[in-house]
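Below is one structure; the comments refer to it alone.
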Ligand code: GUN
């Protein structure tokens, strides 16, 4: 069994980006700049956004974190987005999801200038991705493709089962892996909560992407020997033995499934760090897109 080490791989990517930033600065230009908007104080979201900001510092990017209270109006948030769209010093920005219930997420994502949409969530970027046009790929699927590439996991002609049809992970993953591209050309099945014969499907799968958000859902009896497992889940589960009171659990029962897997991502330290590295990669791309057209 080979562990798909997202922490190490993301560090390698960050190192590659840091080298590019040094080159940019040595030419007397400003470094790339990522901004993030966080609405409310959800613990997990705060952790993710702080990790993103810290990653910017590590590679030499500028970063701006805009923290807004939970009761921020939709209008106020849309106004912040407008300012970031207009600010030529900001190359890319993200609005951390989920948003409070009183804010229309679709409206917010549509308000982001798609040229600065480094999360790849704007309908224009989703459309371009689907049509295989140059665009920002959503960071988590992009990170999974990168991990498969760097560990040379063959995908062409393989049976891939993706569990979960979210707009952020499952759906784009299913589109990307079915395309004619490196880490694509797979026969993809997108399973979800209404899928009837899931175990039959997963037992035939060469690669399984678990992205449904149910801790330890995928068990040893559901997979075949030699399978590649990508675990996107990261749920906080109460654990009194931990200092912070919770443990992080993936969607895969690691101990059982790892016995049968050829490749498997750990949680934490698998897909999560890759998402952050690819967000930085997208920000560098946004920077290059604008500086090349200046
Ligand atoms: N919430 C969970 N994953 C993500 C992500 O990749 N980007 C943003 N903006 N919010 C998220």
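In the numbering used here, the protein residues as written are 6 to 299.
Beta carbons are placed, not taken as given, at the ideal position from N, Cα and C, and that holds for glycine.
- Ranked by how close their Cα comes to the Cα of residue 45, the residues 209, 107, 145, 160 have 107 in first place.
- Secondary structure of residue 38 (DSSP, three-state): strand.
- Around residue 288, the same chain offers 37, 39, 66, 96, 97, 123 as residues with beta carbons nearer than 7 Å, after the five sequence neighbours per side are excluded.
- For the pair of segments examined, the segment 273-289 was found to touch the segment 19-36: the number of CB pairs separated by less than 8 Å reaches three.
- Per DSSP, the beta bridge partners of residue 97 are 39.
- If you look at residue 167, you'll find it in the beta strand (DSSP E) that goes 164-168.
- The three-state secondary structure of residue 70, taken from DSSP, is strand.
- Near the ligand GUN, meaning a beta-carbon closer than 6 Å to one of its heavy atoms, we find 99, 100, 101, 102, 124, 144, 145, 173, 280.
- Distance from the CA of residue 261 to the CA of residue 159, rounded to the nearest whole angstrom, comes to 23 Å.
- Annotation for residue 147: the continuous alpha helix (DSSP H) segment containing it runs 144-155.
- Taken in chain order, the whole alpha helix (DSSP H) runs of length 4 or more contained in the segment 210-278 are 259-263.
- When secondary structure is reduced to three states using DSSP, residue 196 falls in the strand class.
- Residues 176, 195, 197 of the same chain have their beta carbon placed closer than 7 Å to that of residue 170, with the five preceding and five following residues left out of the count.
- In terms of Cβ geometry, residue 144 and residue 165 do not form a close pair [threshold 7 Å].
- A residue is called buried once 16 or more other Cβ atoms fall within 10 Å of its Cβ, and residue 15 is buried on that count.
- Nearest Cα to residue 270 within the set 252, 151, 199: 151.
- Bounds of the alpha helix (DSSP H) holding residue 90 are 79-91.
- Sorting 69, 64, 163, 256 by C-alpha distance to the C-alpha of residue 29 places 64 at the top.
- For residue 114, the uninterrupted alpha helix (DSSP H) run begins and ends at 110-116, by DSSP.
- A check of alpha carbon separations from residue 102 across 295, 87, 208, 174 identifies 174 as the nearest.
- Here residue 234 really is in contact with residue 213; their C-beta atoms are around 6 Å apart, less than 8 Å.
- In the structure shown, residue 158 falls within a coil segment according to DSSP collapsed to helix, strand and coil.
- A straight line joining the alpha-carbon of residue 253 with that of residue 129 spans about 34 Å.
- Remark: C-beta atoms of residue 141 and residue 125 approach each other more closely than 7 Å.
- Sixteen is the threshold: when 16 or more other Cβ atoms of the shown chains lie within 10 Å of the Cβ of residue 258, as they do, the residue is buried.
- Distance from residue 189 to residue 178 at the Cβ level is roughly 11 Å; contact not present, criterion being Cβ atoms closer than 8 Å.
- Excluding the 5 residues flanking it on each side, residue 168 has same chain C-beta neighbours closer than 6 Å at 196, 215, 217, in chain order.
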